[in-house]
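Protein chains in written order, with our numbering: chain L, 75 to 206; chain D, 1232 to 1464. Here a beta-carbon is modelled for each residue, glycine too, at the ideal position from N, C-alpha and C. First up is the structure itself, then whatever we jot down about it.
Okay, structure coming up:
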């Protein structure tokens, strides 16, 4: 009971408790890092089912599975760097970071901008009062 | 400023949309801001067309002739607002539905304009100013570094380290005062962000990120838009 109470009060403890059964998020534990090939395969099958993935060939599936395994490790890293959120398997878990950027991002950053406002722009917002 | 604020509670935010495999986040950010501004101007919430921006907005930055809005290959919300000022406005989602591809020609019909931009502004990197502009003008188009969003499932994101290189356009719809931050052992304020990756991503399509230190560059590219009332034929 003391352990449970300590965990409830200090979620940091939960970060290092491995939980291979965790399918989605890793907020509660390990998942991903250190999983054996069979466990990764089980996670990947679950991912395919959940997000309706089918791949053109066995080679493509094997490649996507390796990307997925890398993303499990990445999610775990993100979980450590961002403990207030839950990170884990998402619909993007079979995409490399580069593929993800190409397909789902697309903000063109303006050169020469400071704080999102172009120097000397006539579109700079006036300062609003915030004390009332 | 209120300690908590959410434009969804005021009916100013349409349902979560899905950009598909197309780098058109900037168009969803821009249209979402105009949807909110149009709601404030007219009292009616209309879902507006992103595809019109994808197909028709090729506006370039005056200072960088080669930096233009390019459909699924990316764009910028402020240049989208420039396009909207010039073109007259956005059609509704129903009249110009989203396809998630940018190979088609522009089918913009001026007679079907559902919302028009009156003016737009960029907001300084000051969280109080961002909150004030949010409350006064409606949801804000913002840029963010999306590196943690690929694996995000829920909660308040507050990474120790996150690049401030902006690569994703989203919509700031509100803020809260008390999201629990386990590493700091206290409640931390956060922004509420509408994304365009469908409802199955994140918290029903939304992302919460902590306020206070420009995490992931969230405070550094913020623009607000105001709308004029239009009559639809």
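Exercise. Indicate the three-state DSSP secondary structure (helix, strand or coil) for residue 1234 of chain D in the structure shown.
Key: coil
Quiz item: Should the segment 1260-1273 of chain D be regarded as contacting the segment 1394-1405 of chain D, the criterion being three or more beta carbon pairs within less than 8 Å?
Solution: yes
Practice problem: Can you tell me which of D:1379, D:1431, D:1440, D:1394 puts its alpha carbon nearest to the alpha carbon of residue 1405 of chain D? | Solution: D:1440
Quiz item: Apart from the five residues just before and just after residue 1277 of chain D, which ones in its own chain have a Cβ nearer than 7 Å to its Cβ?
Solution: 1266, 1269, 1323, 1345, 1346
Quiz prompt | Complete alpha helix (DSSP H) runs within the segment 1273-1339 of chain D (minimum length 4 residues, chain order) | solution = 1282-1287, 1308-1318
Quiz prompt | Near-chain L residues of the segment 1350-1363 of chain D (beta-carbon distance less than 9 Å), N- to C-terminal order | solution = 1350, 1351, 1352, 1353, 1354, 1355, 1356, 1357, 1359, 1360, 1362, 1363
Exercise. Leaving aside the five residues before and after residue 1249 of chain D along the sequence, list all residues of the same chain whose C-beta is less than 6 Å from its C-beta, in chain order.
Key: 1429
Practice problem: Determine, using beta carbons only, whether residue 1307 of chain D comes closer than 8 Å to chain L. | Solution: yes
Practice problem: Taking a Cβ distance cut-off of 7 Å, strictly less, list which residues of the segment 154-167 of chain L are near chain D, in chain order. | Solution: 155, 156, 157, 158, 159, 160, 161, 162, 164, 165, 166
Practice problem: Would you mind sorting residue 1433 of chain D into buried or exposed? The rule is 16 or more other CB atoms within 10 Å of its CB. | Solution: buried
Self-check item: Partners in chain L for residue 1377 of chain D, counting only beta-carbon separations shorter than 9 Å
Solution: 174, 175, 178, 179, 181
Practice problem: Taking only the alpha-carbon atoms, compute the straight-line gap between residue 1342 of chain D and residue 1318 of chain D and give it to the nearest angstrom. | Solution: 11 Å
Quiz item: Span of the beta strand (DSSP E) holding residue 1387 of chain D?
Solution: 1383-1388
Self-check item: Helix, strand or coil at residue 130 of chain L according to DSSP, with G and I counted as helix
Solution: coil
Practice problem: Go through its chain and collect everything with a Cβ distance to residue 1394 of chain D's Cβ below 8 Å, but skip five positions before and after it. | Solution: 1376, 1378, 1447, 1448
Quiz item: Terminal residues of the continuous alpha helix (DSSP H) containing residue 125 of chain L?
Solution: 111-125
Quiz item: Got a sec: is the Cβ-Cβ distance from residue 1387 of chain D to anything in chain L below 8 Å?
Solution: yes
Practice problem: Just the C-alpha distance for residue 1287 of chain D and residue 112 of chain L, rounded to the nearest angstrom, thanks. | Solution: 49 Å
Quiz item: Could one say the Cβ of residue 137 of chain L lies closer than 8 Å to chain D's Cβ atoms, at least one of them?
Solution: no
Quiz item: Roughly how many angstroms lie between the CA atoms of residue 1299 of chain D and residue 114 of chain L, to the nearest whole one?
Solution: 42 Å
Self-check item: Cβ neighbours of residue 188 of chain L in the same chain (closer than 8 Å, five flanking residues each side left out)
Solution: With a pLDDT of 40 at residue 188 of chain L, under the threshold of 50, the modelled position of this residue cannot be trusted; read the value that follows with caution. Cβ within range, chain order: n/a, list empty.
Quiz item: Quick one: what's got a C-beta closer than 6 Å to residue 1308 of chain D's C-beta in the same chain, skipping five residues either side?
Solution: 1257, 1260, 1261, 1372, 1400, 1454
Exercise. In angstroms with no decimal places, state the Cα-to-Cα distance between residue 1243 of chain D and residue 1338 of chain D.
Key: 27 Å
Quiz item: Taking just the CA atoms, how far does residue 127 of chain L sit from residue 96 of chain L?
Solution: Unreliable placement is indicated for residue 96 of chain L, whose pLDDT of 46 sits below 50; the coordinate value is still reported in the next sentence. Approximately 20 Å, taken between the alpha carbons.
Practice problem: Have a look at the DSSP bridge pairing and note the partners of residue 1471 of chain D. | Solution: The structure shown does not extend to residue 1471 of chain D, since chain D is modelled only from 1232 to 1464, so the question has no answer here.
Practice problem: Tell me whether the beta-carbon of residue 1303 of chain D lies closer than 8 Å to the beta-carbon of residue 1254 of chain D. | Solution: yes
Practice problem: With 9 Å as the limit, tell me which residues of the segment 1239-1266 of chain D have their beta carbon closer than that to any beta carbon of chain L; keep them in chain order. | Solution: 1250, 1251, 1252, 1253, 1254, 1255, 1256, 1257, 1258, 1260
Practice problem: Please list the partners that residue 198 of chain L has in chain D, where partner means a Cβ-to-Cβ separation under 9 Å. | Solution: 1352, 1353, 1354, 1355
Practice problem: Out of D:1285, D:1360, D:1245, D:1328, point me to the one whose CA is closest to residue 1435 of chain D's CA. | Solution: D:1245
Self-check item: Beta-carbon spacing of residue 1421 of chain D, residue 1456 of chain D below 8 Å
Solution: no
Practice problem: Reducing DSSP to helix, strand and coil, say where residue 1257 of chain D ends up. | Solution: helix
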